[in-house]
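One rule links them: number in my numbering = place in the sequence shown (from 1) + 52. Heads up, the beta-carbon is just placed ideally off N, CA and C, and yes, glycines get one too. All of these numbers come straight from a predicted model, not from anything done at the bench.
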Amino acid sequence: MKSLLARFAKDQSGATAIEYGLIAAGIAAVIIVTVNSIGGTVLTKFTFIDTELKK
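Take a look at the structure:
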């Protein structure tokens with residue numbers, strides 16, 4: 053059992069996939085935060101433009 057746990061601890065075959073998954077999750081989080089922070093501003097600008105064009 054000890055050798056099985058030691059072999060499992062040394063095995064890095066899935067490490068790259070996990071690292072890529074963490075990088076993708078980080079990028080997705082940055083995109084979501086950015087869109088949420090500027091989304092309201094963009095909506096306000098488009099609403100203003102729409103109102104001005106209807107005059």
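Does DSSP put residue i in a helix, in a strand, or in coil?
| i | result |
| --- | --- |
| residue 102 | helix |
| residue 78 | helix |
| residue 92 | helix |
| residue 73 | helix |
| residue 62 | helix |
| residue 107 | coil |
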